[in-house]
Structures are given as structure tokens and as C-alpha cells.
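Note sheet for the following structure.
2 protein chains.
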Amino acid sequence: MKRIYNFSAGPATLPLETLQQAQADFVDYQGSGMSIMEMSHRGKHYDAVHQEALANFRELLSVPDTHEIVFMQGGATSQFSFVPMNLLHPGQTADYINSGAWAKKAIAEAKVFGSVNVAADFGKEIPTRQAYADELKLTPGAAYLHCTSNETISGAQIKAFPETEAPLVSDMSSDILSRALDISKFGLIYAGAQKNLGPSGVTLVIIRKDLAEQANANIPEMFKYQTHVANQSLYNTPPTFAVYMLCLVTRWLKAQGGVAAMEALNNRKSATLYDLIDSTDFYRGTALPEFRSTMNVTFRLPTEELEAAFIKEAKAMDMDGLKGHRSVGGIRASIYNAFPEEGVDALAAFMKDFEAKHG
Amino acid sequence: MKRIYNFSAGPATLPLETLQQAQADFVDYQGSGMSIMEMSHRGKHYDAVHQEALANFRELLSVPDTHEIVFMQGGATSQFSFVPMNLLHPGQTADYINSGAWAKKAIAEAKVFGSVNVAADFGKEIPTRQAYADELKLTPGAAYLHCTSNETISGAQIKAFPETEAPLVSDMSSDILSRALDISKFGLIYAGAQKNLGPSGVTLVIIRKDLAEQANANIPEMFKYQTHVANQSLYNTPPTFAVYMLCLVTRWLKAQGGVAAMEALNNRKSATLYDLIDSTDFYRGTALPEFRSTMNVTFRLPTEELEAAFIKEAKAMDMDGLKGHRSVGGIRASIYNAFPEEGVDALAAFMKDFEAKHG
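First to last, the protein sequences are chains A and B.
The first sequence: position 169 = 182 (our numbering), numbered continuously.
The second sequence: position 248 = 261 (our numbering), numbered continuously.
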């Protein structure tokens, strides 16, 4: 069996142990004579997986009783609509921080449903960054403030979340479970699974119960957070195999020492690359140092030709997925929880060699 | 490896060959050093799978050039909203046939968006059935007529689709690909995958191009059919592993002889059970004979106690999932394309033995 270093921004590398476990049980799940993906979502086997996944998330993230955890479909892109549909009440304004490509999409969809105030707009600045507390122009009585905790494309990550009176809503698709958080400070968190949690096709949502209960009523049942809260994410058929993979990944995370262990590992992994970038003029980080992402390490080389050569030579050494997003170019090393530290060390060694050869 | 007969209504049994293929390739997809679920949805491996799945559906269903095929998320339950959001224009009325539990849900969600006319309402009749052509009270200039081709719970299936001036929209979640269809007669078809196509988490949609192009504009990008048409279902990250399984299932279907072969097989499998039901008073079919589903064979026994004993004894003989939907009780044998004919024969033999013992 071959295994490469997969720096893809998402769908992304998963813990090898979880893949091997799923493979072993794939056709005949625990002697049941069925694959887990062939089973009724209301049967005992799947229900055990579903409940364990919910419980593991609650434990790993220390989610308080004031908040509910639900699984939905449609990715973060659907949440861009579900959030205002539910939480932006008639006559209210929602505040959004435009920190980059993903925030911009969230803002565009929110405008379909109501009044939007862009509280800070620096999505096109280079070096890329997140907001400073003193630049936010917040709306009194805003429905919520929306932020993007980690801009996957730009590699800029919020280090201190805004303190607000309005409920804080955050798209955490690319850094959920990568660090300890005080969940009680958030009104709603959502994350597409395919970066830090599991395969694509399932979205993790954590919502304050009172916000779900007080959401707009005249929207489809399927798009109401409260529907999924009240039905423990079994209102309709969930993406059962994706939830099963989430369950395996959360088990793995617990065995690794949970979020605290991941945070230490992610700090170490990203520091290896940022220290190397800072030690030379050959590589230039894309994000302001104080906002550098521990998940998506973005940098440039002196020329686009060198960047193309870098990607090609890395790929030949079984380091794949290093090409920056097509909208911005450059290099992006996505090193989520499941990305092994040896892979980061291998990339760092390659970067040194590449500079020695081409610098 | 153990393999039982799984009569689950969905998620449901899949072709054993497709599960074994996916298992073999699960950790290291075709020597790439990655699982297919770890790969970028914009990379060459996944793209080949995605395009093949689309092409296979077009071939299997003889989808004409006037129609597009897209993959979405959120199941048929989300389509209950997406259909009126896109196709029910201001000032128009949409016609719906209330044929049972699933149609009823579709109607409720449509009412959130506009005017709905229930063209026929027999959803609570027993024996269960589908509409007669002469009972439909259609609205002149209706946005569309919505029907549910196969009511999974009641076991009633449309045999001749209504002829209408308005675009015909059909929820085909539980019988898509089970029989030949003239796709040109439909404006829009949707189907959650987890019954006849693959795992839960992906929805197949076939839409007439002009309907997608003329859909309501002021709705979120993610909920517009045209967004997914224009982006070949890659506007956002698709549920890649679910699409991969669809690809394997469509390959299997082609190898079996396509939809014509499935239709013959499904007619034969369901006739085995209905013939047995008609040969005795011990078993009573739930649906009117002319509307009997080839996919979900629903029937009752003389008492609920006997039904409970039937389900229990069948389960002990490795025939699982025969319990009727919790809302209606009784017995339901779901025998989708992938359900093996030997399993139907085994159930028929068990039914004869059970009657001899308890009748």
C-alpha cells in the first residue's frame, strides 16, 4: 500500500488508522452482514455510530448544555444561506467581517435575505489578515456578527475572536477542532467536514439552543436548525457513511489526546514551516505574521516559474496538493489535524533543498 | 464474510461487487497513495469519477440533450424546497398530487414559497394507490405538476405518468433507474440516492435546461439548479465518496444490461411476492393491484401479533428490514435493483412456511 503526503486543502488527508478501520468493516460491518452504508439510519448499528459521534464532539469541544450539536448537508456554502434564513429577523441587520474569499461568499448569500453591514472590509489586502478589534463598525442591535475563523485560501486565521453583544457566528470549516475554544462565546459555529473532520458531504453545526428556538418560523422545515435539533439530526436520512467517518475521526482525536494535543501539534507543525519561511528571503509568507494560519500555510516564491517548478518537484517526491488556490496562485500547504508531522518535516527539508538549488 | 438479505427501505442494499471494489481501493485509490475521499474534488482522479458518473446516468436513462444531470446534497427533502424556490414564479400556482406521506411533505414545503393546488388528494386511502388521469384538477398555467412516482411507505407506484401542459416534476427517490422512462416528458426529476442508486448524502437531479435557465433569480446561488448545471455539479465541494459509489453502481448497472434488464428483473422479483400474496387470504397487499410497486412490496398479516412474529422469525433467518414504516405498520419488503433475486425467493419460501405454521 502506497501513502503519499497529501497537502490538499479539502477534501483532505484523514488519519490512516480511520481509513484502515473503515476498510476492514466496509462490506460486513461488525458481523452484521451489511455495510454501514446499507443500513437504515433508524437501526441500532447506525444509531450507535450517530450518537457516539455527537457525544464525541461534545466531549472534544467541551460543548456546554446551552448549545446543541447537529449534522447537516450542503457544506458551509449552504450555511451561508441557512444562517440568515434562521437568525436574521425582519427589520434587523447582520454584521459580517469580509476577511477574504469565503467571507465574501457568505456576505453575498446573506444579502438575499436581508440587511447586511460589512463591519470591516480587508478581504483583498495583501499580506492577508484578520480583523483588528478597533476597526469593527458594528451595528447596535445586530442579529449577529459573522466571521470566518480561518480563510482557507489566504491562510489568515483569527487568533482572538471579537467580543460582541450580538451572537457571534463563525465559519470554522478549516480549523474546527484544531485548537481549544470557549464554545459559550459563540451563538453558532458551522464547519464543512472535508478539511479537519472527515469526508465531504456532512456539515457540523453547533448552535445556542435559544437561537435555534427563536429562529424565523416561516422557512422550510429542512432549513430550520430547530428541526435538526429536535430530531437529533435524524429528521431526514443523514449522510450515514460520512457521519460514520466523523465518528472514527473523533475516536482517533480522543486517542491522540483531544483538542489540546492537536493544538500543540498544529502549533509545532506550522512553526516548522513559518520559521523556515522567516529564515530566508526566498520564501515570503502571504499572511501577516500575527494572523498566520496553523492549518493553511501560504507563501510565495520569487517568481511564478519557480512556484510551478516547486509544485512539480514536490509532486515527484510524493508531496501532493501544494498548489495555491486557483484564484490567488502561490503555494499552500494545508496541514490539518490528520496531516502527519513527518510530512511537514519532509516538506521543510524539500524547501531547503529547493532554495539551495534555485535560490 | 457474512451477507444477509437486507430489505431496508433506505439506506438500502448495494451490489456486493461495488462494495468489494470500493473496499479494495479504499485506502490507496488506484496506486495514488490517497483514499478517493481524501482527494481534491478538482483533481484528476476525482474528476474522472465525477464525469463518468454523469455520463453513465445519461446513458442509462437515455437523457436527451435538452436536459442536464446534476448532483446535489440534502436529499429529496431539500428538493421539496428547491423545486418551488426555482420553478414557482410569483403569481403562479403549482399543482401537487397528494399520493401519500412523501407527497404530503413536498406539499407542505411548497406552501412556504407560494400558491399550491392539490390536484388530487388520496394520500390516506387504503388500499393505497396513485392518481387516475380523470381525477386530476389541474390549474391552467400552473408552474408545474408535482408527483411522487413511488410512495416508499405505501408501496403505490405510478404506472402511467400524467400528460400535462405544465412541466412534470417527479420525486423518483425510490424507483429511479428501476424501469425505462421517456425523460423528455419530464421537466424535473429528483431522487435521493440511498434507495436505488448508492449511499445517502447525494441527490440526483435531471432538469430541462430551459427550466433551469428561467428559474427565479433572487434565491441563493447554492439553491439554484442553474448554478449546479453551469458548474457541472462542482460549484462547491460535492459529496465525493457518495458520487464515487454512484459511479460504481452505474458501472454495475451497465454490466447487468442497463435499465431494461433491471425492469425485467424488478417485474419478476415483485411478481414472485405479489403472486404469493394473491394466492392466499393470509397475506393482504396494501396497494391497489394496478398500482403495486415493484420496489416496495407492502402487505399485512391477519393480526399485528402475527406481523411482529413474522418480522422476528425472518430476522432470525437473516432477512432484515421487513418492518413497515413506523407510521403505518405492516410488512414492507424493499427490493430495489441491487436486491438479489435469491433473496426474494428466500422470502417467498419463508412466507409459505410462516403461513403453514401460523395460518
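Heads up, the beta-carbon is just placed ideally off N, CA and C, and yes, glycines get one too.
Just so you know, these numbers come straight off a predicted model, no measurement behind them.
Practice prompt. Establish whether the CB of P252(A) and some CB of chain B are separated by less than 7 angstroms.
Written response: Under the Cβ distance rule, P252(A) counts among the residues neighbouring chain B, one pair being separated by less than 7 angstroms.
Fill in: DSSP bridge partner residues for L7(B) (one or two, in chain order)
Residue 7(B) cannot be examined here, being either before or after the span of chain B that is shown, 14 to 372.
Practice prompt. Starting from the Cα of I120(A), find the closest Cα among M98(A), G104(A) and V310(A) and give me that residue.
Written response: Ranking the options by Cα distance to I120(A), first place goes to M98(A).
Worksheet item: Which residues mark the beginning and the end of the beta strand (DSSP E) in which Y287(B) is found?
Response: Where Y287(B) is concerned, there is no enclosing beta strand (DSSP E), although the alpha helix (DSSP H) around it starts and stops at G271 to D291.
Worksheet item: Between the segment 217-243 of chain A and chain B, which residues of the former have a C-beta closer than 8 angstroms to a C-beta of the latter?
Response: Residues passing the 8 angstroms Cβ filter: N231, I232, P233, E234, M235 and F236.
Practice prompt. Indicate whether at least one CB of chain A lies closer than 7 angstroms to the CB of Q207(B).
Written response: Closer than 7 angstroms to the CB of Q207(B) there is at least one CB belonging to chain A.
Worksheet item: Grouping DSSP H, G and I as helix and E and B as strand, with all else coil, what is I82(A)?
Response: Correct three-state label for I82(A): strand.
Worksheet entry | When G343(B), D333(B) and A327(B) are compared against R313(B), the one with the closest alpha-carbon | For the residues G343(B), D333(B) and A327(B), the minimum Cα distance to R313(B) belongs to G343(B).
Worksheet item: Relative to the alpha-carbon of L259(A), which residue among P180(A), K365(A), L32(A) and L194(A) has its alpha-carbon at the smallest distance?
Response: Closest option to L259(A), judged by alpha-carbon separation, among P180(A), K365(A), L32(A) and L194(A): L32(A).
Discussion item. Suppose you measure from the CA of L289(B) to the CA of S94(B); what does that come to, to the nearest Å?
Written reply: Whole-angstrom Cα-Cα distance: 40 angstroms.
Discussion item. Quick test of the definition: if touching needs 3 or more C-beta pairs under 8 angstroms, does the segment 133-150 of chain B touch the segment 288-306 of chain B?
Written reply: The count of Cβ pairs closer than 8 angstroms, one atom from the segment 133-150 of chain B and one from the segment 288-306 of chain B, reaches three, so the stretches are in contact.
Fill in: S340(B), buried or exposed, once every other Cβ within 10 Å from all chains shown has been counted against 16
Only exposed fits S340(B), as fewer than 16 other CB atoms lie within 10 angstroms of its CB.
Discussion item. Between L217(A) and A204(A), how many whole angstroms is the CB-CB distance? I'm expecting something under 8 angstroms.
Written reply: Rounded, the Cβ-Cβ distance is 5 angstroms, consistent with contact.
Worksheet item: Under three-state DSSP, which class holds N99(A)?
Response: Residue state, collapsed to three classes: helix.
Worksheet item: Does the Cβ of K336(B) have 16 or more other Cβ atoms within 10 Å, making it buried, or fewer, making it exposed?
Response: Counting the other CB atoms within 10 Å of its CB gives K336(B) a total of 16 or more, which places it among the buried residues.
Practice prompt. Tell me where the alpha helix (DSSP H) around G356(A) begins and ends.
Written response: From DSSP, the alpha helix (DSSP H) with G356(A) extends over E354 to H371.
Item to complete: Output yes or no for whether 7 angstroms exceeds the beta carbon distance between A107(B) and Y145(B).
Response: Taking the C-beta atoms as reference points, Y145(B) is found no nearer than 7 angstroms to A107(B).
Discussion item. What does the alpha-carbon distance come out to for the pair Y257(A) and I49(A)?
Written reply: In a straight line, the C-alpha of Y257(A) is about 8 angstroms away from that of I49(A).
Fill in: Cβ pair V272(A), A193(A) closer than 7 angstroms
Cβ atoms of V272(A) and A193(A): closer than 7 angstroms.
Fill in: Bridge partners - V129(B), DSSP secondary structure assignment
For V129(B), the beta-bridge partners assigned by DSSP are A107(B).
Practice prompt. Please name the residue, chosen from R16(B), D366(B), P24(B) and V40(B), that lies closest to R16(A) on a Cα-to-Cα basis.
Written response: Scanning R16(B), D366(B), P24(B) and V40(B) for the CA closest to the CA of R16(A) turns up V40(B).
Discussion item. On the criterion of 16 or more Cβ atoms from any shown chain inside 10 Å, does N244(B) qualify as buried, or is it exposed?
Written reply: It counts as exposed.
Item to complete: Report the rounded CA-to-CA distance for T246(B) versus N69(B), giving the unit in angstroms.
Response: Checking the sequence, you will find Ser at residue 246(B) rather than Thr. Using only the alpha carbons, I get a separation of about 15 angstroms.
Discussion item. According to DSSP, simplified to helix, strand and coil, what is V262(A)?
Written reply: Three-state DSSP puts V262(A) in a helix.
Item to complete: Could you please tell me which residues of the segment 94-105 of chain A, in chain order, have their CB closer than 7 angstroms to any CB of chain B?
Response: Using a CB distance below 7 angstroms, the part of the segment 94-105 of chain A facing chain B consists of S94, ordered along the chain.
Practice prompt. Look at the alpha carbon of M275(A) and the alpha carbon of S191(A), and state the distance between them as a whole number of angstroms.
Written response: In a straight line, the C-alpha of M275(A) is about 6 angstroms away from that of S191(A).
Worksheet entry | Interface positions of the segment 14-33 of chain B facing chain A (Cβ-Cβ less than 9 angstroms), listed along the chain | Listed in sequence order: M14, K15, R16, I17, Y18, N19, S21, A22, G23, P24, A25, T26, L27, L29, L32 and Q33.
Fill in: Length of the line joining the Cα atoms of M47(A) and M14(B)
Each residue's alpha carbon lies about 10 angstroms from the other.
Worksheet item: Straight-line CA distance for M364(B) to E326(B)?
Response: Note on geometry: alpha-carbon atoms of M364(B) and E326(B) lie some 10 angstroms from one another.
Worksheet item: Run through DSSP, which three-state label would N231(A) get?
Response: The answer is coil: DSSP assigns N231(A) none of H, G, I, E or B.
Fill in: Residues that H159(B) contacts on chain A, provided the C-beta gap is smaller than 8 angstroms
What H159(B) touches in chain A: nothing, since even the nearest Cβ is about 15 angstroms away.
Worksheet item: Which residues in chain B sit within 8 angstroms of S112(A), going by Cβ to Cβ distance?
Response: Those do not exist, as S112(A) stays about 19 angstroms from chain B at its closest Cβ, beyond 8 angstroms.
Worksheet item: Would E122(B) count as contacting chain A if we go by Cβ distances under 7 angstroms?
Response: Yes, E122(B) counts as interfacial toward chain A.
Worksheet entry | Assumed close pair E354(A), K282(A) - CB separation to whole angstroms, cut-off 8 angstroms | Going by Cβ atoms, the distance from E354(A) to K282(A) rounds to 6 angstroms, so yes, they are a contact pair.
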